[in-house]
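*Asks:* Just passing along the structure, written as structure tokens.
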Amino acid sequence: MKIFVANCGSSSIKFQLFSMANETVLAKGVVERVGSPEANITLETENGKMVDVRIDAPDHKEGLKNVLDKLVNSEIGVLASIDEIEGVGHRVVHGGEDPRASDSIKIDADVIALVEKNTPLAPLHNPANLLGIEAAMAAMPTTTQVAVWDTAFLSTLPEKAYQYAVPREWYDKYGVRRYGFHGTSHRYVTLRAAEVLDKPLDEMNIITCHLGNGGSLTAIQGGKAVDHSMGMTPLEGLVMGTRCGDIDPGIIFYMHSQGFSVEEIDAALNKKAGLLGISAQSNDMRDLLGKAAAGSESAQLAVDMFIYRVVKYIGAYYAILPSVDAVVFTGGIGENSLPVREGVVKMIASLGAELDEDRNINTRGGACGPITANGSKLPVWVIPTNEELMIARDTRRIVAGG
Ligand code: AMP
12 MKIFVANCGS SSIKFQLFSM ANETVLAKGV VERVGSPEAN ITLETENGKM VDVRIDAPDH
72 KEGLKNVLDK LVNSEIGVLA SIDEIEGVGH RVVHGGEDPR ASDSIKIDAD VIALVEKNTP
132 LAPLHNPANL LGIEAAMAAM PTTTQVAVWD TAFLSTLPEK AYQYAVPREW YDKYGVRRYG
192 FHGTSHRYVT LRAAEVLDKP LDEMNIITCH LGNGGSLTAI QGGKAVDHSM GMTPLEGLVM
252 GTRCGDIDPG IIFYMHSQGF SVEEIDAALN KKAGLLGISA QSNDMRDLLG KAAAGSESAQ
312 LAVDMFIYRV VKYIGAYYAI LPSVDAVVFT GGIGENSLPV REGVVKMIAS LGAELDEDRN
372 INTRGGACGP ITANGSKLPV WVIPTNEELM IARDTRRIVA GG
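Counting from 1 along the sequence shown, just add 11 to a position and that's the residue number in my numbering.
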């Protein structure tokens with residue numbers, strides 16, 4: 012079975028084509044700058060064929076049509092016909108509290124309405140995801156389309172974890188609560204952790220740390236999410252590339268009183284804060300580690316604050332879980348950034364984590380394995396995430412009627 016996975020942004024279409032027989036990626040790539048005369052597609056196939064060309068993509072429909080044309084192009088030779096694609100899995104960011112959004116679902120008019128209904132909760136993402144759904148339905152009208160919600164895995168949070176201590180009416184009337192994000196990544200690494208730790212999923216208590224340009228931690232009890240660091244929006248929680256994470260909400264009122272508009276404060280906290288804000292240099296961890304090593308104090312402070320915030324969340328989740336089988340790192344930083352992992356693991360030595368420096372150095376670039384010593388009371392693992400594969404598996408399940 013061949014499954015096409017789409018992850019659409021407002022001006023981009025990221026895609027992967029899977030052969031589900033052995034879960035291999037036949038082709039993957041991205042259309043960038045959709046809607047501009049500079050639109051471009053880059054595509055790479057399993058056997059190393061590359062495409063990097065300007066295309067005519069005034070909208071997502073044309074962008075996707077170009078992708079599908081390339082996939083059946085005889086020079087690329089990945090598909091004989093588009094009809095070989097039996098399912099299309101879409102990353103959809105926000106499903107809200109609706110029970111239909113607690114698991115992946117076949118897309119029909121009602122599901123489209125649900126994505127639209129939740130647009131106020133994800134104003135940047137849901138409309139872009141819808142453009143991708145509409146484009147795929149136009150290009151492949153008889154193919155099963157599946158929505159894989161980013162929020163689904165976090166729908167198991169208990170009320171004491173998802174409610175904010177705000178006037179009750181804010182939840183009842185306006186839906187103010189913790190929804191969380193990155194759920195597909197946390198779910199994937201939780202399932203992989205059950206495999207590599209060789210433990211039944213429903214007995215697994217772990218803390219998953221998705222550390223990328225955006226970042227979040229999830230406390231998992233019995234294989235289910237019981238707390239999560241992102242909130243009603245992705246702004247809460249860790250220090251991120253450009254997002255502030257946890258701050259005193261009073262800062263917003265204070266800055267407003269100093270003459271900043273709500274829009275300016277919103278832009279600053281989402282786009283000019285985090286690692287970028289602290290360092291005033293870069294939002295990129297690799298850059299910052301280089302600058303810190305070269306003596307930049309502000310870059311070092313950004314790295315230190317990033318580590319410190321991760322450790323605070325691990326400590327909090329350690330306290331709420333009945334026991335912890337492992338801490339799991341994933342995401343660009345979690346999978347690759349040795350000094351960040353080292354910094355975190357050394358700080359949680361108090362919880363029983365004992366770093367193995369060789370393992371830390373050798374586990375990167377897609378490798379999976381422990382970075383703590385044998386016998387470490389609290390094992391710490393690196394498990395590379397694969398959200399696209401998770402989406403493809405769910406799509407296969409739903410296409411097969413599951
Ligand atoms: P993501 O959003 O998951 O793609 O992660 C992006 C983040 O991962 C950026 O801050 C990158 O600097 C960081 N990253 C990727 N590779 C490395 C690396 N080799 N060392 C340190 N950070 C890295």
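We put the beta carbon where it would ideally sit given N, CA and C, even for glycine.
With hydrogens ignored, establish whether the beta-carbon of Gly377 is closer than 8 Å to any heavy atom of the ligand AMP.
*Replies:* Flag unset: Cβ of Gly377 not near the ligand AMP.
*Asks:* Would DSSP call Gln174 helix, strand or coil?
*Replies:* Looking at Gln174 - three-state DSSP - the assignment turns out to be coil, as it is neither helix nor strand.
*Asks:* Going by C-alpha to C-alpha distance, which of Lys76, Arg352 and Glu49 sits closest to His221?
*Replies:* Measuring from the Cα of His221, the nearest candidate turns out to be Arg352.
*Asks:* Can you give, in chain order, each stretch of the beta strand (DSSP E) that sits fully within the region 235 to 275 and has at least 3 residues?
*Replies:* Qualifying beta strand (DSSP E) stretches, in chain order: 235 to 239.
*Asks:* Pull up the CB-CB distance for Tyr324 and Leu389, whole angstroms please, since I reckon it's below 8 Å.
*Replies:* Incorrect: roughly 15 Å between the Cβ atoms, too far for contact.
*Asks:* Just tell me which of Met148, Gly74, Gly59 and Ser196 has its CA closest to the CA of Glu398.
*Replies:* Ranking the options by Cα distance to Glu398, first place goes to Ser196.
*Asks:* Throw me the rounded Cβ distance for the Ser309 and Ala284 pair, which I believe falls under 8 Å.
*Replies:* Incorrect: roughly 14 Å between the Cβ atoms, too far for contact.
*Asks:* Which word fits Glu49, buried or exposed, when buried means at least 16 other C-beta atoms lie within 10 angstroms of its C-beta?
*Replies:* Its Cβ having fewer than 16 others within 10 Å, Glu49 is exposed.
*Asks:* How is Ile116 classed by DSSP in three states: helix, strand or coil?
*Replies:* Strand, per DSSP.
*Asks:* Distance, Cα to Cα, Thr155 vs Gly234?
*Replies:* The straight-line gap from Cα to Cα measures roughly 29 Å.
*Asks:* Would you decide whether Ser11 is buried or exposed? Buried here means 16 or more other CB atoms lie within 10 Å of its CB.
*Replies:* Because the chain here runs from 12 to 413, residue 11 falls outside it and cannot be looked at.
*Asks:* Return yes when the C-beta of Arg320 is under 8 Å from any heavy atom of the ligand AMP, and no when it is not.
*Replies:* No, the Cβ of Arg320 stays beyond 8 Å of every heavy atom of the ligand AMP.
*Asks:* Give me the Cα-Cα distance between Pro134 and Ile118, rounded to the nearest whole angstrom.
*Replies:* Near 20 Å, if we compare the C-alpha coordinates of Ile118 and Pro134.
*Asks:* Closer than 5 Å between the C-beta and any heavy atom of the ligand AMP: which residues qualify, listed along the chain?
*Replies:* That query returns the following residues: Gly223, Asn224, Asp295, Met296, Arg297, Gly342, Gly343, Ile344, Asn347 and Ser348.
*Asks:* Is the Cβ-Cβ distance between Leu90 and Val83 less than 9 Å?
*Replies:* Their beta carbons are under 9 Å apart, which means Leu90 touches Val83 by this criterion.
*Asks:* Excluding the 5 residues flanking Gly106 on each side, which residues of the same chain have their C-beta closer than 7 Å to its C-beta?
*Replies:* Ala112, Leu125, Asn129, Trp160, Thr162 and Ala163.
*Asks:* Along the chain, where does the beta strand (DSSP E) containing Asn51 start, and where does it finish?
*Replies:* Note, Asn51: beta strand (DSSP E), Asn51 to Thr56.
*Asks:* Using 9 Å as the threshold, is the C-beta distance between Tyr319 and Ala230 below it?
*Replies:* No, the pair does not count as a contact, with Cβ atoms beyond the cut-off.
*Asks:* The alpha helix (DSSP H) with Glu399 in it runs from where to where?
*Replies:* Taken as a continuous stretch (DSSP letters only), the alpha helix (DSSP H) holding Glu399 covers Glu398 to Val410.
*Asks:* Could you tell me which whole beta strand (DSSP E) segments of length 3 or greater appear in the region 143 to 200?
*Replies:* Correct list: 155 to 160.
*Asks:* If you draw a straight line from the C-alpha of Met358 to the C-alpha of Thr244, how long is it?
*Replies:* One C-alpha to the other measures close to 28 Å.
*Asks:* Report all residues from its chain with a CB closer than 7 Å to the CB of Val177; omit the five preceding and five following residues, and keep chain order.
*Replies:* So the list reads Val187, once near-sequence residues are dropped.
*Asks:* Can you give me the C-alpha to C-alpha distance between Ala204 and Val321, rounded to a whole angstrom?
*Replies:* One C-alpha to the other measures close to 20 Å.
*Asks:* I need the DSSP call for Gly20, collapsed to helix, strand or coil.
*Replies:* Note: Gly20 maps to strand in three-state DSSP.
*Asks:* Where do the ends of the beta strand (DSSP E) carrying Val339 lie?
*Replies:* From DSSP, the beta strand (DSSP E) with Val339 extends over Ala337 to Thr341.
*Asks:* How many Å lie between Met148 and Leu142 at the Cα?
*Replies:* Those two C-alpha atoms are separated by around 10 Å.
*Asks:* At the level of alpha carbons, what is the spacing between Val338 and Ala364?
*Replies:* Spanning the two alpha carbons is a distance of roughly 9 Å.
*Asks:* Quick check on the DSSP output: what are the complete alpha helix (DSSP H) runs of length 4 or more inside the region 274 to 330, in order along the chain?
*Replies:* Runs found: 285 to 290 and 296 to 304.
*Asks:* In chain order, what residues of the same chain lie with their CB nearer than 6 Å to the CB of Ala303, ignoring the 5 residues before and after it?
*Replies:* So the qualifying residues of the chain are Ala310, Gln311 and Val314.
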